[in-house]
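First the structure, in the form of structure tokens, and then the observations on it.
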Ligand SMILES: Cc1cc2nc3c(=O)[nH]c(=O)nc-3n(C[C@H](O)[C@H](O)[C@H](O)COP(=O)(O)OP(=O)(O)OC[C@H]3O[C@@H](n4cnc5c(N)ncnc54)[C@H](O)[C@@H]3O)c2cc1C
């Protein structure tokens, strides 16, 4: 059922283009100031996603102005770039896929901050995520031994194209970028390259600058929560990385966490569900 029809049937309202500019708690209720006016509520579920503010390392400031710089979040296709070589900084799945795409048209250098591990997209005709699911990897709770092991490791790169292109030197592999001077980027192995484009596939940071509720965030500005439940009465989260498991910030896993949060809200009203 389309979300709009579902909302009508269950009498909740969807407001598009409504940005929460500030959320406060006053007189036992939440007050959300938005670009469409003020809303109040007894409960708030923050589902603003795991990828909020594109992060670009400060060393980017030393690049010459003529060099085209983009964060992976803003990369669309090769029309976005200058002619010449492209340095992709960051070898997660975004960096890996962009490097592979550009290798057909540009000289591509990929800088990896850690050793890359590769996984095929499928094994014996089954998606690798199907296998992970069956092995209990995706839903391993973060406080179990398996969960801790997975959490410590960077995600593998899914698909083997990058591995093959690095091997055949279609993509030049470099370690971490540590210094930048005008057109030149220096790496931790003492080598350097001159580039015309840099794509920063360097991830995202949280941005809860709009959440003005005492005890909701820790000293790093991250939500304080256990399984999506904040110590602030009535405040909840869904979709945080490792909220309960690796699956929490993946599309297939959010439902399990959402069910827990909804259960908690229902118990507040002495209702039962799910
Ligand atoms: C490159 C990339 C590839 C990915 N590939 C996969 C994949 O293959 N499979 C998979 O399962 N997951 C993948 N993910 C993860 C996927 O993006 C997340 O699982 C999913 O988007 C999370 O959904 P969400 O609704 O929690 O957050 P989001 O999709 O990030 O949605 C958050 C929403 O909150 C809104 N918002 C933020 N702040 C405010 C505010 N103050 N007021 C109002 N609205 C606000 C945003 O505008 C946005 O619409 C990928 C992520 C990236 C970056």
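Residue numbers (the working numbering): 244 to 517.
Quick reminder that beta carbons are idealized off the backbone N, C-alpha and C, glycines included.
Small disclaimer: the values here were computed from a predicted structure and weren't measured.
Q: Would you grab the beta carbon distance between residue 316 and residue 405 for me? Rounded to a whole angstrom, and I think it's under 8 Å.
A: Looking up residue 316 in the chain shown gives position 73. Looking up residue 405 in the chain shown gives position 162. With a Cβ gap of about 20 Å, residue 316 and residue 405 do not count as contacting.
(Q) 8 Å is my cut-off, CB to CB: does residue 355 come that close to chain C? (A) The structure shown contains no chain C; it holds only a single protein chain.
Q | the region 304 to 316 contacting the region 414 to 428, beta-carbon criterion three pairs below 8 Å | A | yes
Q.
Shorter than 7 Å, the distance from the beta carbon of residue 287 to the closest heavy atom of ligand 1, or not?
A. Counted from its first residue, the chain shown places residue 287 at position 44. The answer is no for residue 287.
Q) Going straight from the alpha carbon of residue 340 to that of residue 512, what length do you get? A) Within the chain shown, numbered from 1, the residue matching residue 340 stands at position 97. Within the chain shown, numbered from 1, the residue matching residue 512 stands at position 269. One C-alpha to the other measures close to 47 Å.
Q | Beta-carbon spacing of residue 283, residue 261 below 8 Å | A | Taking the first residue of the chain shown as 1, we reach residue 283 at position 40. Taking the first residue of the chain shown as 1, we reach residue 261 at position 18. It is not a contact, given that the beta carbons lie outside the stated cut-off.
Q: Would you kindly work out how many angstroms separate the C-alpha atoms of residue 492 and residue 254, rounded to a whole number?
A: For this step, residue 492 is matched to residue 249 along the chain shown. For this step, residue 254 is matched to residue 11 along the chain shown. Using only the alpha carbons, I get a separation of about 27 Å.
Q. Does the distance from the C-beta atom of residue 312 to that of residue 505 stay below 8 Å?
A. As a first step, residue 312 is located in the chain shown; it is residue number 69 there, counting from the start. As a first step, residue 505 is located in the chain shown; it is residue number 262 there, counting from the start. In this structure, residue 505 does not lie closer than 8 Å to residue 312 by Cβ.
(Q) Closest to residue 286 by C-alpha separation, out of 373, 300, 267, 430, would be which residue? (A) Within the chain shown, residue 286 is the residue found at index 43, counting from 1. Nearest C-alpha to residue 286: 267.
Q: Could you tell me if residue 250 is buried or exposed, where buried requires 16 or more neighbouring beta carbons within 10 angstroms of its beta carbon?
A: Locating residue 250 in the chain shown gives position 7, where the first residue counts as 1. Under this definition residue 250 is an exposed residue.
Q. How many angstroms separate the CA atom of residue 466 from the CA atom of residue 412?
A. Numbered from 1 along the chain shown, position 223 holds the residue referred to as residue 466. Numbered from 1 along the chain shown, position 169 holds the residue referred to as residue 412. For residue 466 and residue 412, the distance between alpha carbons rounds to 43 Å.
Q. In whole angstroms, what is the alpha-carbon distance linking residue 417 and residue 280?
A. Locating residue 417 in the chain shown gives position 174, where the first residue counts as 1. Locating residue 280 in the chain shown gives position 37, where the first residue counts as 1. Rounded to the nearest angstrom, the two C-alpha atoms are 50 Å apart.
Q. Residues bridged to residue 479 by DSSP?
A. Against the chain shown, residue 479 aligns to sequence position 236. 288, 472.
Q. Where does residue 268 fall in DSSP's three states?
A. Numbered from 1 along the chain shown, position 25 holds the residue referred to as residue 268. Three-state result, residue 268: strand.
Q) Any idea what DSSP makes of residue 325, helix, strand or coil? A) The residue labelled residue 325 in the question sits at position 82 within the chain shown. In the structure shown, residue 325 sits in coil (DSSP, three-state: anything other than H, G, I, E or B).
(Q) Let's test the definition: count the other Cβ atoms within 10 Å of the Cβ of residue 373 and tell me whether it reaches 16, buried, or not, exposed. (A) Locating residue 373 in the chain shown gives position 130, counting from the first residue. Its Cβ having fewer than 16 others within 10 Å, residue 373 is exposed.
Q) Starting from residue 336 and walking both ways along the alpha helix (DSSP H), at which residues does that stretch end? A) As a first step, residue 336 must be located in the chain shown, where it is residue number 93. Where residue 336 is concerned, the enclosing alpha helix (DSSP H) stretches over 336 to 345.
Q | Rounded separation between residue 473 and residue 456 - CA only | A | Your numbering for residue 473 matches position 230 in the chain shown. Your numbering for residue 456 matches position 213 in the chain shown. Taking the straight line joining both Cα atoms gives about 11 Å.
(Q) Less than 8 Å between the beta carbons of residue 448 and residue 295, yes or no? (A) By one-based count along the chain shown, residue 448 stands at place 205. By one-based count along the chain shown, residue 295 stands at place 52. For residue 448 and residue 295, yes; Cβs fall inside 8 Å.
Q. What is the rounded straight-line gap between the Cα of residue 292 and the Cα of residue 480?
A. Within the chain shown, the letter at position 49 stands for residue 292. Within the chain shown, the letter at position 237 stands for residue 480. Between residue 292 and residue 480, the C-alpha separation is close to 9 Å.
Q: Sort out for me which residues DSSP pairs residue 276 with in a bridge.
A: To locate residue 276, count along the chain shown from 1; it is residue 33. According to DSSP, residue 276 bridges with 265, 281.
Q) In or out: residue 366 buried (at least 16 other Cβ within 10 Å) or exposed? A) Working through the chain shown from its first residue, we reach residue 366 at position 123. Counting the other Cβ atoms within 10 Å of the Cβ of residue 366 gives fewer than 16, which makes it exposed.
Q. Hey, is the region 350 to 362 in contact with the region 376 to 394, meaning 3+ C-beta pairs nearer than 8 Å?
A. Taking a cut-off of 8 Å for Cβ pairs, the region 350 to 362 and the region 376 to 394 do not touch, as fewer than three such pairs fall below it.
(Q) In the DSSP assignment, the alpha helix (DSSP H) including residue 359 goes from what residue to what residue? (A) In the chain shown, the residue the question calls residue 359 occupies position 116. Premise fails: residue 359 is in no alpha helix (DSSP H) and is neither H nor E.
Q: Can you say whether residue 487 is buried or exposed, counting buried as having 16 or more other CB atoms within 10 angstroms of its CB?
A: As a first step, residue 487 is located in the chain shown; it is residue number 244 there, counting from the start. Buried is the call here.
**Q.** Neighbourhood of residue 453 by C-beta, 7 Å cutoff - its chain only, sequence neighbours within 5 removed
**A.** Translated into the one-based positions of the chain shown, residue 453 becomes position 210. Closer than 7 Å at Cβ, skipping near neighbours: 263, 264, 265, 266.
Q) Between the beta-carbon of residue 439 and the beta-carbon of residue 325, is there less than 8 Å? A) In the chain shown, residue 439 corresponds to position 196, counting from 1. In the chain shown, residue 325 corresponds to position 82, counting from 1. It is a contact, given that the beta carbons lie within the stated cut-off.
Q: Just confirm the distance between the C-beta atoms of residue 443 and residue 299, as a whole number of angstroms; I'd bet it's less than 8 Å.
A: Residue 443 sits at position 200 when you count from the first residue of the chain shown. Residue 299 sits at position 56 when you count from the first residue of the chain shown. Confirmed, Cβ separation roughly 5 Å.
Q: Output the distance between the C-alpha atoms of residue 321 and residue 468, rounded to the nearest integer angstrom.
A: The residue given as residue 321 occupies position 78 in the chain shown. The residue given as residue 468 occupies position 225 in the chain shown. Their Cα atoms are separated by approximately 41 Å.
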